[in-house]
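Residue numbers (numbering that gives the first Met the number 0): 0 to 139.
Glycine residues also receive a C-beta, built at the ideal position from the N, C-alpha and C atoms.
What you are looking at is a predicted structure, and each value in this text was computed from that prediction instead of being measured.
Okay, so here's the structure we're looking at.
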Amino acid sequence: MSSEDKTPEVEQQKKQEPEGEVSGLVLENYSFTTAAAIVGYVDRKVCVMMTDGRQLFGVLRVFDQYGSIVIQDTFERIYLPDNRYGEEYIGDLLIRGENLLMIGDLDIDKEDEPIDKLERIPFDDAKREQKQISVNAVKI
């Protein structure tokens, strides 16, 4: 059965269902892939979580069919216990799609509110402490 044959059946089934009923819900086929879903984030400030656990913040500029992205004005942030964090500017960055875990957009009006309540420490100290926390977690 081709996609042309399915369309009248889907339309017929939609007409037979009472409005507001969810039990017979029919979802149409959408051809969005994971990479195509990224298009809504282009030219927006995003938070990118990497598979190695790093959190990056920057403006998403370009993506490709493999989910690889380029983010501009990138900085890495490390959150630590006791309301502390470290931050380092990276600049422009190309990230391969296989290294992406998650992408989310940021509300630029509310972005700095939570960070104002945290104490900023040097990035190298934050990185060293994060590594020590990871080593201690493995020992347990």
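Residue environment analysis places Leu-93 among the exposed positions, since fewer than 16 neighbouring C-beta atoms fall within 10 angstroms of its C-beta. With respect to Ile-89, Glu-110 sits apart: the two C-beta atoms are not nearer than 8 Å. Per DSSP, reduced to three states, the secondary structure at Ile-132 is helical. Annotation note: the stretch 46-114 contains the following uninterrupted beta strand (DSSP E) runs of length 3 or greater, listed N- to C-terminal: 54-62, 68-79, 83-94 and 99-104. By the 16-neighbour rule on beta-carbons within 10 angstroms, Tyr-65 is exposed.
When secondary structure is reduced to three states using DSSP, Arg-127 falls in the helix class. Per the C-alpha coordinates, the member of Gln-54, Met-48, Asp-63 and Arg-53 positioned closest to Ala-36 is Asp-63. Note that the C-beta distance between Asp-42 and Val-69 is not below 8 Å.
CA-CA distance, Val-134 to Glu-128, rounds to 10 Å. Burial state of Ile-114 is exposed, judged by a 10 Å Cβ sphere holding fewer than 16 other Cβ atoms.
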